[in-house]
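No gaps in the numbering here: position 87 of the sequence shown is 87 in full-length UniProt numbering, and each next residue is one more.
Below is one structure, written out as structure tokens, with a few remarks after it.
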Amino acid sequence: MADGYRLPFQRWGRTDRPRIVVLGLHGFNDYSQAFRPLGEHLATLGITTYAFDQRGFGRTRQAGRWHGSDRLTADLRTLIGLLRARHPQARLILIGESMGAAVALSADATAPLDVDGLVLIAPAVWSRDSMPWYQRAALALAARTLPGLKLTGDGIQIAPSDNKPMLIAMGRDPLVIKATRIEALWGVTNVMDQAVTWPDSRRHPDGQPPTLILYGERDSIIPARAFCRFIDAVPLDAAALRLLLYAEGWHMLPRDLQGARVRADIATWLLDPSAALPSGEVVSESAERLRRFCAATTGPPDGCRAKPF
């Protein structure tokens, strides 16, 4: 980066003139390894994936410290510029998972990103507006008085995926953050606050690039009410936007037990954003199912989460 900070990355796929290049942004407390299953699948189709450890995560310096939302979005713009220069002939698609999707939304809401498409996997859109007042108050007090306090999430009975072997491997991976500083929870909430402004601030001079949004009905990390509130502001009849709602999907969709279906949908969309997606779970053209799902949602669970998201 311009300040000398290094962002380690992993790459899957060819380096010589790929037709499509993916820039992958991982979720909170996770790192670039999150993109391995998707990256390996896309590589078999001639699509090259670059996944970076975002600042403060994975193998970066001072992992676990929050470096600020402005830094994360500035890093994203720098990475886009570097990949544009490295692969000028390729379509560049940004894929963000959870917090990575929130960083993408936040940056794009501020000024349009120079990408040819967006894929937002379980976007972290749990903004303060969709949190109960006591949770907002507790987070604000803790951020002011105990910013360095670390929370482990032990005792919170939620799971980001039904893929237990994958979750066990993450638990043993020293690069996955297990204890989260309060300042980082405050910071990621700021990112989510900005992310939810995206539907009202899309100002792409040449029109919105194709966008694919994915969410699982079993997601216990980003509450359904928060997601539905966000998606309610997005015009689902927009030609450039499609929404996938997986009935058996959890939070880490490409890594769930049904991850192969999700990866196939993403790959199909990357090759042709207007193609029929193999899972058949597209709801942007059939909003009745989405309305039923959102009508059945309840309020967000109590408490701050320290799990990866």
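Even glycine gets a Cβ: it sits at the ideal position worked out from N, Cα and C.
Just to confirm my understanding: we take residue i, look at its own chain, exclude 5 residues before and 5 after, and list those with CB closer than 6 Å. What are they?
| i | result |
| --- | --- |
| residue 95 | 22, 24 and 119 |
| residue 10 | 32 and 51 |
May I have the straight-line CA-CA distance separating residue i from residue j, to the nearest angstrom?
| i | j | result |
| --- | --- | --- |
| residue 57 | residue 215 | 24 Å |
| residue 304 | residue 158 | Its pLDDT being 39, under 50, residue 304 is placed unreliably by the model, and the measurement read from it follows with that caveat. One C-alpha to the other measures close to 12 Å. |
| residue 164 | residue 8 | 27 Å |
| residue 210 | residue 282 | 15 Å |
| residue 172 | residue 153 | 16 Å |
| residue 241 | residue 294 | 19 Å |
| residue 161 | residue 219 | 8 Å |
| residue 101 | residue 234 | 15 Å |
| residue 90 | residue 228 | 34 Å |
| residue 302 | residue 135 | Here residue 302 scores only 39 on pLDDT, less than 50, and its place in the model is too uncertain to base an answer on. |
| residue 245 | residue 217 | 7 Å |
| residue 85 | residue 114 | 12 Å |
| residue 291 | residue 61 | 44 Å |
| residue 273 | residue 193 | 28 Å |
| residue 87 | residue 74 | 20 Å |
Could you check what DSSP says for residue i in three-state terms: helix, strand or coil?
| i | result |
| --- | --- |
| residue 304 | For residue 304, the predicted model reports a pLDDT of 39, less than 50, meaning its position is unreliable; a value from the coordinates is still stated below. In the structure shown, residue 304 sits in coil (DSSP, three-state: anything other than H, G, I, E or B). |
| residue 149 | coil |
| residue 262 | helix |
| residue 40 | helix |
| residue 78 | helix |
| residue 293 | helix |
| residue 92 | strand |
| residue 10 | strand |
| residue 181 | strand |
| residue 52 | strand |
| residue 21 | strand |
| residue 190 | helix |
| residue 234 | coil |
| residue 134 | helix |
| residue 287 | helix |
| residue 144 | helix |
| residue 174 | coil |
| residue 125 | coil |
| residue 199 | helix |
| residue 208 | coil |
| residue 4 | coil |
| residue 27 | coil |
| residue 98 | coil |
Using 10 angstroms around the beta-carbon of residue i, count the other beta-carbons present and answer buried if the total reaches 16, otherwise exposed.
| i | result |
| --- | --- |
| residue 146 | exposed |
| residue 133 | exposed |
| residue 97 | buried |
| residue 168 | exposed |
| residue 30 | buried |
| residue 232 | exposed |
| residue 1 | exposed |
| residue 137 | exposed |
Excluding the five sequence neighbours on either side, which residues of its own chain have a C-beta within less than 8 Å of the C-beta of residue i, listed in chain order?
| i | result |
| --- | --- |
| residue 37 | 254, 255, 259 and 263 |
| residue 71 | 55 |
Residue i bridges to which residues according to DSSP?
| i | result |
| --- | --- |
| residue 215 | 245 |
| residue 117 | 93 |
| residue 47 | 20 |
| residue 282 | 244 |
Taking 7 Å as the limit between beta carbons, can you name the residues of its chain near residue i, skipping five residues before and five after?
| i | result |
| --- | --- |
| residue 40 | 12 |
| residue 166 | 255 |
| residue 83 | 21, 23, 50 and 92 |
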